[in-house]
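**Student:**
Number of protein chains: 2
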Amino acid sequence: MSNKTKRFLLPESEIPTQWYNIQAEMPNKPLPFLHPGTKQPLKSSDLYPIFCEECSNQELNQTDTWIDIPEEVRDRYKNWRCTPLVRAYGLEKALDTPAHIYFKNESVSPVGSHKLNSALPQVYYNKQQGVTNITTETGAGQWGTALAYACSQFGIDAAVYMVKISYEQKPYRRSMMNIFGAQVTPSPSMSTRAGKDILTQHPDSNGSLGTAISEAIELATQTPNCKYTLGSVLNHVSLHQTVIGLEAEKQMAMAGEYPDKVIACFGGGSNFSGIAFPFMRHNFSEGKKTEFIAAEPESCPKLTKGVFEYDFGDETGYTPLLPMYTLGHNFQPASIHAGGLRYHGAGVILSQLLKDGYLKGVDLPQSETFKAGILFARSEGIVPAPESCHAIAATVREALRCKAEGKSEVLLFNLSGHGIIDLASYDRYMQGDLTDYVPSNSELESYLKDIDVLQP
Amino acid sequence: MSNKTKRFLLPESEIPTQWYNIQAEMPNKPLPFLHPGTKQPLKSSDLYPIFCEECSNQELNQTDTWIDIPEEVRDRYKNWRCTPLVRAYGLEKALDTPAHIYFKNESVSPVGSHKLNSALPQVYYNKQQGVTNITTETGAGQWGTALAYACSQFGIDAAVYMVKISYEQKPYRRSMMNIFGAQVTPSPSMSTRAGKDILTQHPDSNGSLGTAISEAIELATQTPNCKYTLGSVLNHVSLHQTVIGLEAEKQMAMAGEYPDKVIACFGGGSNFSGIAFPFMRHNFSEGKKTEFIAAEPESCPKLTKGVFEYDFGDETGYTPLLPMYTLGHNFQPASIHAGGLRYHGAGVILSQLLKDGYLKGVDLPQSETFKAGILFARSEGIVPAPESCHAIAATVREALRCKAEGKSEVLLFNLSGHGIIDLASYDRYMQGDLTDYVPSNSELESYLKDIDVLQP
C-alpha cells in the first residue's frame, strides 16, 4: 500500500473558473417551464419575483456552455476546495474486486456536504442584487446548513423552513443553522397561508419538503427585499455543482484513468449533476461510453417508477410547472433516514437526459445502503451520510459484478457528505431497528392520478 | 480578500518523516516516573505489562531528538494530512484587530480531531508486536473514536471504557465507535475490580476519566495479548502529535511569518504539545522569544492552581507516580461541555516546561469559550469543538490586547477538532442554560491533601 497514491489533490489555483452549463450541449434541450396559471412557457423574468435575476437567467440559459464563477465565490470555495479524489484501495480489498474504485470526497466542506457549492453563489448573486433576506426550506438539514453558512459569510439574513419531523428528531442540524445565525421554523407553521391550510386539515402533520417549499416561497414573495433559494432540482443548482466533476476530471487524469461508470445518489439531482455532467459532455461529443448511475431509495423511486409529466415542484402549487420524472407532487415518501432523497421529482435537465438514455436509475433498500456505509467506514475511515450510502451501495453492486465477470472497470462515485450528524440513523440500523419500504403500485398510482389534473 | 492567500497547503510528500522528541533537548529533563509500590525510578521495561514495547521505549527516551515515523503510519496519515494552515482574515475583521491570526486546522481528520495522529502509531506498534486486543478509556469520545478508527484500519479489536455520563448524554460518539467496530462499555462497570469498587461505594456514579483509565488498564493487564493505550498526558502521545507543529512551521514560512504566540487548549496536553514543541525548540536553541499559552477551563485549573507533585494518572492508582502539575487524582471536575479538558493532571514534559517558564496557563470560563466559538463559526465557517473553543477564546483575548496596544503580533492557534458532535452544548449555551464554575480554594485543597499520602 505504501507506494500507492491514494489521494489526488489539486492546488487552489485549479479550482474551476467556470461552471459547465450542460443545457447548451444537450442533444435534446429540456422542455420549457410553464406558467401554472396560463400554461405558457416561462421567460427568466417570470422567475424574478421568486429568485434573484442572475439565478433566474442561469436557470433558462440554453446557449452559454461555460459560465464564469465570480471571483468572490471562488474565493469562498478556497475554504475547502479543491476536494480530494480518493482511490478506495481499502474498499476494493474488502470487496476483493478487480474494479478500480475512486470517490470524490465532498464531505470535507465546512458544512459536511456538497450543498455549499451552490449556496455560496446563490447568496452572492442575491447580495449583489441588494437582497437582504433569503428564505429556503430544508429536509434533513444539509441544504439549510449550507445556506445559513453562506448567508453568514455574505452578511444576509436567512429564514429556513425545516420539515417538522426533522426539526424535532434531528435537532443538531437546527443547532448548526442557529450557530451560523439563521432563523429556523418548523414546517408546517402558522406563519404562512400554505402552512395554515395544512395545519387546519392535518393538525398533526409532520411536514414534507413540498410543504416547506411552499412556505418558503410564500414568505419570499410577500416580504420586501427577500428572495427564495433552493438546494437541488433546479438547473442553476446543477450548474453550480459542476465544480465537482470538473475537478474530478483533472484528478482522474492525474490517476491515469477514465471512469467506466459514474455513480451518485439522487434526491433532486444536485450532487449527481455535479459529478456527472462534466464527464457526460464527452459522451455527447467524443463518443465516450461512460455509464451514469443514479442511486435512489426504493421508497421514493421517481427515476425507476415515476412518469415524465409536467408537475409542480412543491405541494401547494406555487412553482412553475416543470417537465420531469415525478411520483406526483402530493407523493408522501416513507420516513427513511436519507432525508435528502425524499423528494417526488427529478430536475428538468436530468429528466430529459434520463428520457434520452444518458443515465439510468437504480433503486435501493435502505438496509443495503447502511450496510454499504458501514463497510465503507471500516475500510476507508469515513462515515458517509445516509444519502451518500446509496451511491456506495450502488458502487458495491457494480464492484461485485466486476468481480463476478472478472472485469477491472473504473468506478467513480461522489461522496456527497459525511454522516456525523446522522449517527442516530446508524444506531437504529445496527440495532436491527430499520425497515425497508417499497410503495405498492396502487399507492404510486393514487399519487400519479393528481398530476393529470394539472396537465396543460 | 480575493487576492489574499488564506490556506497554506502542503503536498503529501511534506508529511513529516520523523517526530520531534522534545525530551532530548529540554534544558531540564523531566523527573523520572516512580514505581507506585517501590517508589523507585521506572525503566521502560517496567511499562511493558501495560503498554507495547515501542511506546514504552518512546515514553522514556531522553536521547533521540528525532524518531522515524513508520511508513505504514505515514501512509495512513495521507488519508487527511497535511492539514491546512489558515489565515483567519474573517476573525481578524470581526475583532477589528491588527494581529495576524493563523490556525492549524486539525478538525479535518476523518474522526474530526487531532487524536488520530497518535492513535494510528499506537495501534501500529501494538500490531507489530502481535497484540490482538487494545483497551482504552474516553471521556467526551474524541480519543475513543480515533482509537476505534485506527483499530479498524489495522485489524485489531478495541474495547473502550466510556465515562458513563458521556455514554448516556452523548450517544453519537459511541455510535461512531460502534460503526468502526469497537466495543464500548460505560464506566464504572461491573467488568473490573476498579469499577465494582466504585459502584459498591457509589451506585449512582456518573464515572470519571480517572475511573475509566483504571478499568481499561485492569482489563489490559488481565487479558492475554492485550495492551492499554492512552490519548493524552503521556510523552509518546505528545511525540506523535508533533506532526502538527512540524507542518505548521513550514506553513508559517510559506506565509512569510513566525508566531509571537502559540496557543492551544489544554486537557492532558496532547494537542498543545503537538503545535508547541516544534516551535519551542527554537526558543531553546536560537533565542526565539515565542510565548506559549495553554488554555484550560477555570473549572479544572491544574496549570494555574495545581501543585507540582508526584501523583497518579488514574483514580484507583494503577499508573506509575508521575511528576506533574495536578489537582489531585481524586479531583472531580465540574460537568463542563469540554469533556476532553476534564482531567486532573498535566503531562510530565509539559509540567517540567511550565515549571521552567517555557509556557503559561490561562484559565477561561466556559461561557466565554462558547461565545468565542460562535464568533469563529460565523467569521471562519467552522464550528469548533468545545475544547478548541478554549484556544479560540485565549486567542481572542490576545487579539483584543493587540488592538488595545496597537500591535500587529502574529498569533497561531491549534484548532484541535470540530464541534459537529457537540452541537447540544452549543444549544445549551445559546439558550442561556450554561453556568460557569470556579472551584473554591477549600475545594481545591481537599483534593490536594490526598496527594501527600502518596509522596515518596
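Protein chains in written order, with this note's numbering: chain A, 10 to 465; chain B, 10 to 465. The beta-carbon is built from N, C-alpha and C at its ideal position, and this holds for glycine as well. Just so we're clear, the structure is a prediction, and the values are computed from it rather than from any experiment.
Would you kindly work out how many angstroms separate the C-alpha atoms of proline 465/B and histidine 346/A, rounded to a whole number?
**Tutor:** Stepping through the second sequence from its first residue, residue 465/B is reached at position 456. Stepping through the first sequence from its first residue, residue 346/A is reached at position 337. Model confidence at proline 465/B stands at a pLDDT of 43, short of 50, so the residue's coordinates are unreliable; what they give is reported in the following sentence. Approximately 58 Å, taken between the alpha carbons.
**Student:** Assign alanine 413/B to one of two classes, buried (16 or more other C-beta atoms within 10 Å of its C-beta) or exposed (fewer than that).
**Tutor:** Residue 413/B sits at position 404 when you count from the first residue of the second sequence. Alanine 413/B comes out exposed.
**Student:** Is valine 447/B helix, strand or coil by DSSP?
**Tutor:** Here residue 447/B corresponds to residue number 438 of the second sequence, with the count starting at 1. Reduced to three states, the DSSP call for valine 447/B is coil.
**Student:** Any idea which residues DSSP pairs arginine 96/A with across the strands?
**Tutor:** Here residue 96/A refers to the residue found at position 87 when the first sequence is read from its first residue. Its beta-bridge partners are Tyr111/A.
**Student:** Using 8 Å as the threshold, is the stretch 400 to 413 of chain A in touch with the stretch 14 to 24 of chain B, meaning 3 or more CB pairs across them?
**Tutor:** Flag = no, the stretch 400 to 413 of chain A and the stretch 14 to 24 of chain B do not touch.
**Student:** So which residues on chain A does asparagine 187/B lean against when the C-beta distance must stay under 7 Å?
**Tutor:** In the second sequence, the residue the question calls residue 187/B occupies position 178. The contacting residues are Met439.
**Student:** To the nearest angstrom, how far is the alpha carbon of isoleucine 165/B from that of leucine 129/B?
**Tutor:** By 1-based counting over the second sequence, the position of residue 165/B is 156. By 1-based counting over the second sequence, the position of residue 129/B is 120. Distance between the alpha carbons of isoleucine 165/B and leucine 129/B: 12 Å.
**Student:** Across the stretch 301 to 317 of chain B and the stretch 341 to 355 of chain B, are there enough close Cβ pairs to call them in contact, namely three or more that are closer than 8 Å?
**Tutor:** Because the criterion of three Cβ pairs below 8 Å is met, the stretch 301 to 317 of chain B and the stretch 341 to 355 of chain B touch.
**Student:** Taking the alpha carbon of leucine 363/B as the reference point, which residue from Ala386/B, Thr335/B, Ser376/B has its own alpha carbon closest?
**Tutor:** To locate residue 363/B, count along the second sequence from 1; it is residue 354. For the residues Ala386/B, Thr335/B, Ser376/B, the minimum Cα distance to leucine 363/B belongs to Thr335/B.
**Student:** Does the beta carbon of asparagine 292/A sit closer than 7 Å to a beta carbon anywhere in chain B?
**Tutor:** Walking along the first sequence from the start, residue 292/A turns up at place 283. Output row for asparagine 292/A: interface = no.
**Student:** Tell me whether cysteine 61/A counts as near the ligand MG, meaning its Cβ is closer than 6 Å to at least one heavy atom of that ligand.
**Tutor:** With respect to small molecules bound, the structure shown includes none, and the ligand MG cannot be examined in it.
**Student:** Am I right that threonine 328/B and glycine 322/B are in contact with their C-beta atoms under 8 Å? What's the rounded C-beta distance?
**Tutor:** Counted from its first residue, the second sequence places residue 328/B at position 319. Counted from its first residue, the second sequence places residue 322/B at position 313. Confirmed, about 4 Å.
**Student:** On the criterion of 16 or more Cβ atoms from any shown chain inside 10 Å, does glutamine 32/A qualify as buried, or is it exposed?
**Tutor:** Position 23 of the first sequence, counting from 1, holds the residue named residue 32/A. By the 10 Å Cβ count, glutamine 32/A comes out buried.
**Student:** With a threshold of 7 Å on Cβ separation, who are the neighbours of histidine 249/B within its own chain once the five nearest residues in sequence on each side are excluded?
**Tutor:** As a position in the second sequence, residue 249/B is number 240, starting the count at 1. Excluding sequence neighbours, histidine 249/B sits near Trp28, Asn126, Ser127, Pro130.
**Student:** Looking at valine 252/A and proline 93/A, is the spacing between their C-beta atoms short of 7 Å?
**Tutor:** As a first step, residue 93/A must be located in the first sequence, where it is residue number 84. As a first step, residue 252/A must be located in the first sequence, where it is residue number 243. No, these two residues do not count as a Cβ contact at 7 Å.
**Student:** Please decide whether proline 79/A counts as near chain B, where near means a Cβ-Cβ distance under 7 Å.
**Tutor:** For the purposes of this step, residue 79/A is taken as residue 70 along the first sequence, with counting starting at 1. By this cut-off, proline 79/A is not an interface position.
**Student:** With a 10 Å radius around its C-beta and 16 neighbouring C-beta atoms as the bar for buried, classify threonine 209/B as buried or exposed.
**Tutor:** Locating residue 209/B in the second sequence gives position 200, where the first residue counts as 1. With fewer than 16 other Cβ atoms within 10 Å, it is exposed.
**Student:** Assign alanine 75/A to one of two classes, buried (16 or more other C-beta atoms within 10 Å of its C-beta) or exposed (fewer than that).
**Tutor:** Residue numbering aside, residue 75/A sits at position 66 when the first sequence is read from its first letter. Note that residue 75/A is tryptophan in the sequence shown here, rather than alanine. By the 10 Å Cβ count, tryptophan 75/A comes out exposed.
**Student:** Hey, is the stretch 186 to 198 of chain A in contact with the stretch 156 to 175 of chain A, meaning 3+ C-beta pairs nearer than 8 Å?
**Tutor:** Touching, yes.
**Student:** Should lysine 87/B be flagged as near chain A, meaning a C-beta pair shorter than 7 Å?
**Tutor:** On the second sequence, position 78 is the one that residue 87/B refers to. True, the Cβ-Cβ gap to chain A drops below 7 Å.
**Student:** How would you call aspartate 431/A, buried or exposed, if buried means at least 16 neighbouring beta carbons within 10 angstroms?
**Tutor:** By 1-based counting over the first sequence, the position of residue 431/A is 422. Buried.
**Student:** How would you call histidine 245/B, buried or exposed, if buried means at least 16 neighbouring beta carbons within 10 angstroms?
**Tutor:** Taking the second sequence and counting its residues from 1, one reaches residue 245/B at position 236. Histidine 245/B comes out buried.
**Student:** Less than 6 Å between C-beta atoms, sequence neighbours within five positions excluded: which residues of the same chain meet that for tyrosine 237/A?
**Tutor:** Position 228 of the first sequence, counted from the start, is the residue given in the question as residue 237/A. Within the same chain, tyrosine 237/A has close Cβ partners Ile59, Thr144, Ala225, Ile226, Ala229.
**Student:** Using the three-state DSSP reduction, which class does tyrosine 57/A fall into: helix, strand or coil?
**Tutor:** The residue you call residue 57/A lines up with position 48 of the first sequence. The answer is coil: DSSP assigns tyrosine 57/A none of H, G, I, E or B.
**Student:** State the Cα-Cα distance for the pair proline 79/B and serine 279/B, rounded to the nearest angstrom.
**Tutor:** Reading the second sequence from its first residue, position 70 is the one you call residue 79/B. Reading the second sequence from its first residue, position 270 is the one you call residue 279/B. So the two alpha carbons sit approximately 20 Å from each other.
**Student:** Tell me leucine 424/A's beta-bridge partners as DSSP assigns them.
**Tutor:** Taking the first sequence and counting its residues from 1, one reaches residue 424/A at position 415. Asn114/A, per the DSSP bridge assignment.
**Student:** Roughly how many angstroms lie between the CA atoms of proline 342/B and serine 308/B, to the nearest whole one?
**Tutor:** Position 333 of the second sequence, counted from the first residue, corresponds to residue 342/B. Position 299 of the second sequence, counted from the first residue, corresponds to residue 308/B. Rounded to the nearest angstrom, the two C-alpha atoms are 6 Å apart.
**Student:** If you draw a straight line from the C-alpha of threonine 47/A to the C-alpha of glutamine 151/B, how long is it?
**Tutor:** For the purposes of this step, residue 47/A is taken as the residue at position 38 of the first sequence. For the purposes of this step, residue 151/B is taken as the residue at position 142 of the second sequence. Cα to Cα, threonine 47/A sits roughly 58 Å from glutamine 151/B.
**Student:** Exposed or buried, which one is phenylalanine 288/B when buried takes at least 16 other CB atoms within 10 Å?
**Tutor:** As a working note, residue 288/B is residue 279 in the second sequence. Per the 10 Å Cβ criterion, buried.
**Student:** How many Å lie between arginine 202/A and methionine 171/A at the Cα?
**Tutor:** Within the first sequence, residue 202/A is the residue found at index 193, counting from 1. Within the first sequence, residue 171/A is the residue found at index 162, counting from 1. Cα-Cα distance, rounded: 16 Å.
**Student:** Could you tell me whether the Cβ of proline 195/B comes closer than 7 Å to any Cβ of chain A?
**Tutor:** Taking the second sequence and counting its residues from 1, the one referred to as residue 195/B is at position 186. So, not an interface residue.
**Student:** Just to make sure I have the definition right: I need the residues of chain A whose C-beta is within less than 7 Å of the C-beta of valine 392/B. Which are they?
**Tutor:** Position 383 of the second sequence holds residue 392/B. Met185, Ile188, listed in chain order.
**Student:** Quick check on DSSP: helix, strand or coil for cysteine 309/B?
**Tutor:** Within the second sequence, numbered from 1, the residue matching residue 309/B stands at position 300. In this structure, cysteine 309/B counts as coil in the three-state DSSP scheme.
**Student:** Starting from the beta carbon of arginine 96/A, find every residue of chain B whose beta carbon is closer than 8 Å, and list them in chain order.
**Tutor:** Numbered from its first residue, the first sequence carries residue 96/A at position 87. Ordered by position in chain B, no residue passes the 8 Å Cβ test against arginine 96/A, which lies about 11 Å from the chain.
**Student:** Buried or exposed, going by whether 16 or more other CB atoms sit within 10 Å of the CB of methionine 199/B?
**Tutor:** In the second sequence, the residue the question calls residue 199/B occupies position 190. Flag for methionine 199/B reads exposed.
**Student:** At the 7 Å Cβ level, is proline 119/B part of the contact set with chain A, yes or no?
**Tutor:** For the purposes of this step, residue 119/B is taken as residue 110 along the second sequence, with counting starting at 1. Cβ-Cβ to chain A under 7 Å: yes for proline 119/B.
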